[in-house]
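Residues in the sequence shown are numbered from 45 upward in steps of one, following our numbering.
Where a beta carbon is used, it is the ideal one built from N, C-alpha and C, also for glycine.
Note that the structure is a prediction, hence the values are computed from the model and not measured.
Have a look at the structure below before the remarks.
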Amino acid sequence: MLADGSELPADLVVLGLGVRPRSSLAAASGLELGPSGGIRTDEQLRVRRAGQVLPNVYAAGDCTEVWHRVLERPVHLPLGTHANKQSRVAGITIGGGQATFAGAIGTAITGFWAGRTASRSRSVVRV
Ligand SMILES: Cc1cc2nc3c(=O)[nH]c(=O)nc-3n(C[C@H](O)[C@H](O)[C@H](O)COP(=O)(O)OP(=O)(O)OC[C@H]3O[C@@H](n4cnc5c(N)ncnc54)[C@H](O)[C@@H]3O)c2cc1C
Numbered sequence: 045m046l047a048d049g050s051e052l053p054a055d056l057v058v059l060g061l062g063v064r065p066r067s068s069l070a071a072a073s074g075l076e077l078g079p080s081g082g083i084r085t086d087e088q089l090r091v092r093r094a095g096q097v098l099p100n101v102y103a104a105g106d107c108t109e110v111w112h113r114v115l116e117r118p119v120h121l122p123l124g125t126h127a128n129k130q131s132r133v134a135g136i137t138i139g140g141g142q143a144t145f146a147g148a149i150g151t152a153i154t155g156f157w158a159g160r161t162a163s164r165s166r167s168v169v170r171v
């Protein structure tokens, strides 16, 4: 459906959407953002304000930027895998433990499977 309410018939719709960090609240609070617009953190997910690390404020997930270990610069790379690891590091740190999030390398490995089942045989092809 289009913005004017009209509808276009389709069997399949493919969307290619970008993602931007929603960090306006953090920015309004004076937290430092990086060039990607994500909240800048250190390796323990602490955030900074006016050049000072805030000792008890952490950020993790899509609102942050991560260090790209291959490109050697911060990037916005919103993935659940990173959000999961970041939040674990933040939790361990808050609990008094030692953990760091060293960044990401931006690699994704995906398997595509096509399956077919016949009455007396079954075959699965991995692409
Ligand atoms: C369609 C889709 C497919 C994806 N597939 C993958 C994949 O295969 N692998 C992968 O690694 N990542 C994938 N991702 C990305 C992954 O889902 C995100 O990177 C991850 O969920 C980010 O976690 P987060 O905790 O930062 O944010 P979220 O999971 O978005 O959690 C934020 C939470 O905050 C809540 N919230 C928002 N505003 C407020 C408010 N004002 N007050 C209170 N609560 C609020 C929201 O309701 C939400 O529950 C996919 C994302 C999408 C959309």
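Comparing C-alpha positions only, which one of the options sits nearest to residue i?
i, options, result
"Pro65", "Val57, Ala143, Cys107", "Cys107"
"Pro217", "Thr137, Val63, Gly82", "Not covered by the structure: residue 217. The range shown for the chain is 45 to 171."
"Gly124", "Gln142, Gly141, Gly105", "Gly105"
"Thr140", "Arg113, Gln96, Gln88, Ala94", "Before going further, note that residue 140 is Gly rather than Thr in the sequence given. It is Gln88."
"Gly95", "Leu75, Arg113, Val114", "Leu75"
"Val57", "Met45, Ile153, Gly49, Val63", "Met45"
"Arg117", "His126, Gly150, Ala54", "Gly150"
"His120", "Gly155, Ala143, Val63, Val101", "Val63"
Buried or exposed: residue i, going by 16 or more other Cβ atoms within 10 Å of its Cβ?
i, result
"Ala146", "exposed"
"Gln130", "buried"
"Thr85", "buried"
"Ser68", "exposed"
"Glu109", "buried"
"Leu133", "Note that residue 133 is Val in the sequence shown, not Leu. Under this definition Val133 is a buried residue."
"Ala148", "buried"
"Leu59", "exposed"
"Leu61", "exposed"
"Ile153", "exposed"
In chain order, what residues of the same chain lie with their CB nearer than 8 Å to the CB of residue i, ignoring the 5 residues before and after it?
i, result
"Ala70", "Leu77, Ile83, Val91, Ala103, Cys107"
Leaving out five residues on either side along the sequence, give the residues of the same chain with a beta carbon under 6 Å from the beta carbon of residue i.
i, result
"Gly155", "none"
Subject >> Contained beta strand (DSSP E) runs [length at least 3] in the segment 66 to 98, N- to C-terminal order >> reply: 90 to 93
**OP:** Measuring from each Cβ to the nearest heavy atom of ligand 1, keep the ones under 5 Å and list them in chain order.
**Re:** Gly105, Asp106, Pro122, Leu123, Gly124, Thr125, Ala127
Original post:
Along the chain, which unbroken stretches of the beta strand (DSSP E) at least 3 residues long are found entirely within the segment 96 to 127?
Top reply: 96 to 102, 110 to 112, 117 to 119
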